[in-house]
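**Student:** Got a structure for you, written out below as structure tokens; questions coming shortly.
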Amino acid sequence: MDVFIPDYRLLPEYEFHHALDDISLAYEYLIQIRHISPANITLLGISSGGGLCTSMMQNIAKSHYHDDEDQQIGESSNLVNGEESKREL
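Quick note: to get my numbering, add 3 to the position in the sequence shown (first position is 1).
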């Protein structure tokens, strides 16, 4: 197993979005330059590093969100309003 530890800009010298940009570029480097499948990448962060990993994954999810939001909203509302949600826990 290989380990990749990117350098990123830290607080208080830089703002949060700078660190997020840095780790996002590192992730893109692994995928586009090193040709590593996203399925083979594991993210780990402790404390604020965990927050960075979470924020980056949220940004990736948003960027891959389909343009047809109405269809997706309709599909997700079926999960909320469907029989599954009426069951007691």
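Beta carbons are placed, not taken as given, at the ideal position from N, Cα and C, and that holds for glycine.
These figures come from a predicted structure and were not determined experimentally.
1. Excluding sequence positions up to five away, which residues of its chain have a Cβ less than 7 angstroms from the Cβ of Asp71?
2. Identify the continuous alpha helix (DSSP H) that holds Thr57 and give its terminal residues.
3. From what residue to what residue does the alpha helix (DSSP H) around Ser40 run?
4. Report the three-state DSSP secondary structure of Asp10 (helix, strand or coil).
5. Considering only C-alpha positions, which residue in the set Arg12, Tyr30, Tyr68 is nearest to Ala42?
6. In whole angstroms, what separates the C-alpha of Gly54 from that of Val6?
**Tutor:** This is what the structure gives:
1. As a first step, residue 71 is located in the sequence shown; it is residue number 68 there, counting from the start. Its pLDDT being 44, under 50, Asp71 is placed unreliably by the model, and the measurement read from it follows with that caveat. There are no such residues.
2. Residue 57 sits at position 54 when you count from the first residue of the sequence shown. That run of the alpha helix (DSSP H) goes 51-66.
3. Working through the sequence shown from its first residue, we reach residue 40 at position 37. Taken as a continuous stretch (DSSP letters only), Ser40 belongs to no alpha helix (DSSP H), as it is neither H nor E.
4. Mapped onto the sequence shown, residue 10 falls at position 7. Here Asp10 sits in coil by DSSP.
5. Numbered from 1 along the sequence shown, position 39 holds the residue referred to as residue 42. Cα-wise, what sits closest to Ala42 is Tyr30.
6. If you number the sequence shown from 1, residue 54 lands on position 51. If you number the sequence shown from 1, residue 6 lands on position 3. Cα to Cα, the separation comes out at about 19 angstroms.
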